[in-house]
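Only one structure is covered here, and it is reproduced in the block below.
2 protein chains.
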Amino acid sequence: MDIDAPDWRSGWPGEATQPDVLARELRTAIMRTSRRLRTEASGDVVSPGQYTVLAQLRRGSRTSRELAERERVQAPSMTRIVKALTAKGLVSRAVHPQDGRQILLSITPDGEGILEEAKGQRTAWLSRRVALLDEEDRLVLSRAAHLLQELSAE
Amino acid sequence: MDIDAPDWRSGWPGEATQPDVLARELRTAIMRTSRRLRTEASGDVVSPGQYTVLAQLRRGSRTSRELAERERVQAPSMTRIVKALTAKGLVSRAVHPQDGRQILLSITPDGEGILEEAKGQRTAWLSRRVALLDEEDRLVLSRAAHLLQELSAE
DNA sequence: TATTGTTATACTCTATAACTATA
DNA sequence: TATAGTTATAGAGTATAACAATA
């Protein structure tokens, strides 16, 4: 619903690309869609946080600290996420060969399987919606996705 | 970071608008940006949930149930949000004149003030980022915002 | 009986502060 | 001392189930 309306879509020409106006509309749209994505995916084996960590580990072993930095969470939060993943057998731990303080985390075969499965499930709702759009609108969303990635990358 | 990469941006022409591929990229971008928006706004007087309820009430009085349905949360969650807002003096309560079970919620002058203030603060980070883009990219994001609104509207 | 709203309780995710073990 | 990781604890947000008051 139009959170910051009643001025939604109204106003003078070019207003939509005014940084403040655009930011407000974009924030509303993103927060709303993200909430929807969260609730639609609630039956999953892994939570959103666990999922992204699993995806990171698919690309190679990482320490807890590296993962925390990439995910922009504090160390204890990552400890919790990793603990949940190891409890499910989706991630394995190994003491770093050179530095005994560090623990190298790796994805397990089970983890790879869950990741593939979750990937489809998590986007099922959005896929259905997106499939109803025409090619032009899908192209807009594709470009927006890349822009948002860059915006929020830091 | 590119959650579902390493295949980010790679692939055959037109792949980006394949519903499944697009949905995956879009989901990643949206979840990441939403987390960033939440953490950047952490110093606010009102939480994201409280903010959107306040915005709803600016457009007229509503009952708790109406608000819960619009926000897609369960009744107890809305009770909690409304309780927080009334405790801060941003929302007032009045028994419905016709139906004694219902309680009409309205935004107070203080609430209107906080809403205006929060509106700017919450989008400040995104505004700064968006301002760095060129007109064409901003137009893409504007159109994407409207598409996302429609997608997640139900 | 059905509906509106609340309370009780629990779960998830996140954070800060304090602790252990290693370098 | 500094760093990697953990534990303890707290706060925000959501949910389900059980309850009260009103229709």
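Protein sequences, first through last, are from chains A and B. The first sequence lines up with residues 1 to 154 when you count with our numbering. The second sequence lines up with residues 1001 to 1154 when you count with our numbering. In this text, a Cβ means the ideal position worked out from N, Cα and C, and glycines have one as well. The structure presented is a predicted model; accordingly, all values stated were derived computationally and were not measured.
Closest residue to B/S1077 among B/G1100, B/V1053, B/P1097 (Cα-Cα distance) = Position 77 of the second sequence, counting from 1, holds the residue named residue 1077 of chain B. Residue B/V1053 is the option with its Cα nearest to B/S1077.
What residues in its chain sit with their C-beta under 6 Å from that of B/M1001, if we drop five residues either side in the sequence?
-> Against the second sequence, residue 1001 of chain B aligns to sequence position 1. Note on B/M1001: pLDDT 42, under 50, position unreliable in the model; the coordinate value appears next. Taken in chain order, the list of residues that qualify is empty.
Tell me which same chain residues have a C-beta within less than 7 Å of the C-beta of B/R1070, skipping the five on either side of it?
-> The residue given as residue 1070 of chain B occupies position 70 in the second sequence. Scanning its chain for C-beta atoms nearer than 7 Å, with the 5 sequence neighbours on each side dropped, one finds around B/R1070 the residues Q1056, in chain order.
What residue range is occupied by the uninterrupted beta strand (DSSP E) comprising B/S1047?
-> Within the second sequence, numbered from 1, the residue matching residue 1047 of chain B stands at position 47. Per DSSP, B/S1047 belongs to no beta strand (DSSP E) and is neither H nor E.
What in chain A is Cβ-close to B/S1017, meaning under 7 Å?
-> Indexing the second sequence from 1 puts residue 1017 of chain B at position 17. What sits at residue 1017 of chain B in the sequence shown is Thr, not Ser. Within 7 Å Cβ-Cβ: E135, R138, L139, S142.
For the 8 Å Cβ check, are there 3 or more pairs between the stretch 107 to 119 of chain A and the stretch 84 to 96 of chain A?
-> A contact exists between the stretch 107 to 119 of chain A and the stretch 84 to 96 of chain A.
Thinking C-alpha only, which one of A/L85, A/S106, A/L26, A/R59 is nearest A/P48?
-> For the purposes of this step, residue 48 of chain A is taken as residue 48 along the first sequence, with counting starting at 1. Distances from the CA of A/P48 to each of A/L85, A/S106, A/L26, A/R59 were compared; the closest alpha carbon is that of A/L85.
Helix, strand or coil: how does DSSP classify B/V1095 here?
-> Reading the second sequence from its first residue, position 95 is the one you call residue 1095 of chain B. For B/V1095, the three-state secondary structure derived from DSSP is strand.
Hey, how far is the Cα of B/R1143 from the Cα of A/R122?
-> What you label residue 1143 of chain B is simply residue 143 of the second sequence in a count that begins at 1. What you label residue 122 of chain A is simply residue 122 of the first sequence in a count that begins at 1. Between B/R1143 and A/R122, the C-alpha separation is close to 24 Å.
Going along chain B in order, which residues have a C-beta closer than 8 Å to the C-beta of A/A131?
-> Within the first sequence, residue 131 of chain A is the residue found at index 131, counting from 1. Under the 8 Å cutoff, chain B gives P1019.
According to the neighbour-count rule (16 or more other Cβ atoms, all chains shown, within 10 Å of its Cβ), is B/Q1074 buried or exposed?
-> The residue labelled residue 1074 of chain B in the question sits at position 74 within the second sequence. It counts as exposed.
Kindly list, in the order they appear in chain A, the residues whose Cβ is closer than 9 Å to that of B/S1077.
-> Locating residue 1077 of chain B in the second sequence gives position 77, where the first residue counts as 1. Per Cβ cutoff of 9 Å: no residues; B/S1077 is ~12 Å from chain A at best.
May I ask you to report which of helix, strand or coil DSSP gives B/T1123?
-> In the second sequence, counting from the first residue as 1, residue 1123 of chain B sits at position 123. The three-state reading of DSSP puts B/T1123 in helix, counting H, G and I together.
Closest Cβ-Cβ distance between A/L22 and chain B: below 9 Å?
-> Here residue 22 of chain A refers to the residue found at position 22 of the first sequence. So yes, A/L22 belongs to the interface.
A/A68 touches chain B at which residues, Cβ-Cβ below 9 Å?
-> Counting from one through the first sequence, the residue named residue 68 of chain A turns up at place 68. Correct list: empty, because the minimum Cβ distance to chain B is about 13 Å.
Residue environment, B/A1153, which counts as buried when at least 16 other CB atoms sit within 10 Å | Numbered from its first residue, the second sequence carries residue 1153 of chain B at position 153. Exposed is the call here.
Near-chain A residues of the stretch 1103 to 1128 of chain B - C-beta to any C-beta below 9 Å = Against chain A - using a Cβ distance shorter than 9 Å - the residues of the stretch 1103 to 1128 of chain B are K1119, G1120, R1122, T1123, A1124, W1125, L1126, S1127, R1128.
Along the chain, where does the beta strand (DSSP E) that runs through B/L1105 open and close?
-> For the purposes of this step, residue 1105 of chain B is identified with residue 105 of the second sequence, where counting begins at 1. Where B/L1105 is concerned, the enclosing beta strand (DSSP E) stretches over 1103 to 1107.
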